[in-house]
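Numbering (the working numbering), first residue to last: 58 to 255.
Scroll down for the structure; my scribbles are underneath it.
In structure tokens:
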């Protein structure tokens, strides 16, 4: 039998964020194609992927509430991907130094109803950040120290990556890590999962 609460993600960062709420949950990696559609805007892409993750798993686990989340970052009209190597991470940060980036973090909760319809909620949290002007030496040192190869944009704002920015602006500071906990807490309460209730 499925756990009542499922995090539809393979991300260890999202799982760690989820653990801060103190709720018991099961983590299941969704199996979806994350390729952007032709001409798809970053916010629309993030929402579509979060929706697909949540709805696909909710259909397979009809007794569970499924949390789907996805994040898309963009800087200078380019999607920010995860670098595969240290040189790629250094080049990505070099290109983005001094520029403003926007991250769209989509959150979708889905539960299958007895008639097989899906009850869903949708939120998108927007984070704007500005990279400092950085020297190649600073960037190289950061990448070697923090190893941000599994992070979109090649940084980890929750650790040494915070030194890369002039500012980070968001209504929900947790959204940048990949799971907007303020929106999530509100939505979970609507479904009867309140972290502050016994």
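From the three backbone atoms N, C-alpha and C, an ideal C-beta is built for every residue, glycine too.
Here DSSP, grouped into helix, strand and coil, assigns residue 169 to strand. Each residue's CA atom was taken as its position, placing residue 108 and residue 140 some 25 angstroms apart. Secondary structure remark: continuous alpha helix (DSSP H) runs of at least 4 residues inside the stretch 88-162, in chain order: 99-117 and 143-153. The beta carbon of residue 104 sits closer than 7 angstroms to the beta carbons of 163, 179 and 181 from its chain, once the five residues preceding and following it are set aside; these are given in chain order. In the DSSP assignment, residue 180 falls within the unbroken beta strand (DSSP E) covering 175-188.
For residue 226, same chain residues with a beta-carbon under 6 angstroms away, outside a window of 5 residues either side, are 185 in chain order. Following the DSSP letters along the chain, one finds residue 215 in no beta strand (DSSP E), marked with neither H nor E.
Residue environment: residue 138 is assigned as exposed (fewer than 16 neighbouring CB atoms within 10 Å of its CB, all protein chains considered).
7 angstroms or more divides the Cβ of residue 117 from the Cβ of residue 157. The straight-line gap separating the alpha-carbon atoms of residue 228 and residue 242 is approximately 14 angstroms. With respect to the 7 angstroms criterion, residue 215 and residue 239 are not classified as neighbours on the basis of their beta carbons. The continuous stretches of beta strand (DSSP E) do not include residue 204, and DSSP gives it neither H nor E. Below 8 angstroms, enough C-beta pairs join the stretch 121-138 and the stretch 205-224 to call them touching: three or more.
Within the same chain, and ignoring the five residues on either side of residue 149 in sequence, the residues whose Cβ sits closer than 6 angstroms to its Cβ are 140 and 211. Residue 189 counts as exposed, since fewer than 16 other beta carbons sit within 10 angstroms of its beta carbon.
The alpha-carbon of residue 61 is positioned some 11 angstroms away from that of residue 248. In the structure shown, residue 240 adopts helical secondary structure according to DSSP, grouped into three states.
In this structure, residue 111 sits away from residue 74, with a CB-CB distance that is not shorter than 7 angstroms.
With a threshold of 16 other beta carbon atoms within 10 Å, residue 121 meets it and is buried.
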